[in-house]
Structure formats: C-alpha cells, structure tokens
Amino acid sequence: MNVSEGWTLAITGMDFELAQMSWEDHAVKVAEGTWLYDGAAEKPVAIISLPFDYWYELGKADDQLAPGEEPSPLGPLGVLYYASFTSIDSAGYLTIGEAKAAAQARLSAPIHWRH
Numbered sequence: 001m002n003v004s005e006g007w008t009l010a011i012t013g014m015d016f017e018l019a020q021m022s023w024e025d026h027a028v029k030v031a032e033g034t035w036l037y038d039g040a041a042e043k044p045v046a047i048i049s050l051p052f053d054y055w056y057e058l059g060k061a062d063d064q065l066a067p068g069e070e071p072s073p074l075g076p077l078g079v080l081y082y083a084s085f086t087s088i089d090s091a092g093y094l095t096i097g098e099a100k101a102a103a104q105a106r107l108s109a110p111i112h113w114r115h
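Quick note: the sequence shown, position 114, residue 114 per this note's numbering, numbers continuous.
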C-alpha cells in the first residue's frame, strides 16, 4: 500500500486503517460549471459537499484554532457546500444555491452551471 506523505497508517493485526484522510476522500461533486477567463479560456468550477467543516478541520490539524472555536453547523443533509475552482475556495454553506452564489460573486464572468 502506498501512503502519501503526511498520512498516518495505523496497523491493527491484519487490518490497515488510514488515521488521516484527504478531504477529497469525502467530497461529493454536486454541481459543475464553466466560466470564461479573459473572455476566451474556459475554466471549470464545481460545488462540492463535505460532511464536516473543512476550514475548522484544517485549523485543528494545524493547531491553529482560536480558543473556544467550534466548527460551523452542518446543513439539514449533514454536509456543507463549498465552491471549488482549484481546491476548497470558499467558506462552507448550508445550501448548494448559497455556494453557487458565492462562486459567482468571485467572478465578473457568468458561470454556466450544467447541474
């Protein structure tokens, strides 16, 4: 088994379990779209859902949480939605519509959503 740098591999008997997983392992792409960079180059954008507050978990992993800081509450389906241009590029939102609006607010060109 090849384990990426920074991942921890816990071995219990014959069972292998990753103690730390990448956010991509939990992400579900719920919407995809494109926008035109400089009016010519088509660029992708997606909305992904995660079953945790990505920014809170990142801060926790890096020991950067403020005293008493708590994760954002998850939405009714147990996830938060994030705009993704190249990675996680927004705050977490309770609805897909809010995440789409946040993605659009970052651009001057319109996003054409496929779903």
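Beta carbons: idealized from backbone N, C-alpha and C, even for Gly. Remember, it's a predicted structure, so these values are computed and weren't measured experimentally.
Through-space distance from residue j to residue i, alpha-carbon basis
{"i": "residue 102", "j": "residue 76", "result": "19 Å"}
{"i": "residue 60", "j": "residue 73", "result": "16 Å"}
{"i": "residue 105", "j": "residue 51", "result": "24 Å"}
{"i": "residue 42", "j": "residue 82", "result": "20 Å"}
{"i": "residue 97", "j": "residue 115", "result": "11 Å"}
{"i": "residue 69", "j": "residue 62", "result": "14 Å"}
{"i": "residue 86", "j": "residue 29", "result": "13 Å"}
Beta carbon of residue i nearer than 7 Å to that of residue j
{"i": "residue 24", "j": "residue 46", "result": "no"}
{"i": "residue 36", "j": "residue 109", "result": "yes"}
{"i": "residue 56", "j": "residue 71", "result": "yes"}
For residue i, three-class secondary structure by DSSP
{"i": "residue 47", "result": "strand"}
{"i": "residue 78", "result": "coil"}
{"i": "residue 98", "result": "helix"}
{"i": "residue 42", "result": "strand"}
{"i": "residue 91", "result": "coil"}
{"i": "residue 83", "result": "strand"}
Residue closest to residue i, alpha-carbon to alpha-carbon, out of the options
{"i": "residue 26", "options": "93, 54, 42 and 44", "result": "54"}
{"i": "residue 113", "options": "22, 28, 34 and 71", "result": "34"}
{"i": "residue 91", "options": "44, 58 and 111", "result": "58"}
Identified DSSP bridge partners for residue i
{"i": "residue 112", "result": "34"}
{"i": "residue 29", "result": "48"}
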